[in-house]
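In what follows, a structure is listed as structure tokens, so that the remarks can point back to it.
Residue numbers (our numbering): 1 to 200.
If you want it as structure tokens, here you go:
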């Protein structure tokens, strides 16, 4: 059975435009995949702790030498990773805050990028272990950034997912949302058209 994992990262929860776009895609996708399982994770509402030296130490410690506190950290990370492993399709609602990804999403990334679990080191460099998955990223921005040097999100998210082995990634942009009502309407309409095309 196909499993879709929706990851939301908006501080505005269900009212965030990136969340709404992701929801719109998932609803359309589910119509064509009625037997699929849908899992959701909101990294703001259920915030992932930011990485600290102590948490990183738990990841790299030998399993038999971990303290109870370190085992709890690893168990939490393992649960996040298991969600990703089970997913055939990943849907990411991605708002832009101050030219970058939300810090809550970065914290999530820091907990799912673990050597031996989601990637491994080789003599030819790291190799992602989460292969065979499709990802859709719904990026909502107040300004116009796609295709410019200010769009640091696209390359970062694409490179991060590829690092884990997820190379098949589609981006949908809704831009100019804070410029004017007309720009907002046009940006959302364009994204909506792409969503229907992708879901089909």
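Just so you know, even glycine gets a beta-carbon here, dropped at the ideal spot from N, CA and C.
Just so we're clear, the structure is a prediction, and the values are computed from it rather than from any experiment.
- Taking all protein chains shown into account, residue 79 has fewer than 16 neighbouring C-beta atoms within 10 Å of its C-beta and is therefore exposed.
- By the 16-neighbour rule on beta-carbons within 10 angstroms, residue 173 is buried.
- Counting C-beta atoms within 10 angstroms of its own C-beta, residue 1 has fewer than 16 neighbours from the protein chains shown and is therefore classed as exposed.
- Take residue 16, set aside five residues on each side of it, and the residues of its chain with a beta-carbon closer than 8 Å to its own are 8, 10, 93, 95, 140, in chain order.
- Excluding the 5 residues flanking it on each side, residue 152 has same chain C-beta neighbours closer than 7 Å at 99, 100, in chain order.
- By the C-beta density criterion, residue 150 is exposed, having fewer than 16 other C-beta atoms within 10 angstroms.
- Taking 9 Å as the cut-off, the Cβ atoms of residue 199 and residue 56 do not count as close.
- Contact between residue 5 and residue 195 is ruled out by a C-beta separation of about 17 Å, above the 8 Å threshold.
- By the neighbour-count criterion, in which a residue is buried when 16 or more other Cβ atoms sit within 10 angstroms of its Cβ, residue 104 is buried.
- Look at residue 63 here: in three-state DSSP terms it is helix.
- Residue 36 and residue 126 have their C-alpha atoms some 32 Å from each other.
- The beta carbon of residue 192 is closer than 7 Å to those of 24 in its chain, skipping five residues each way along the sequence.
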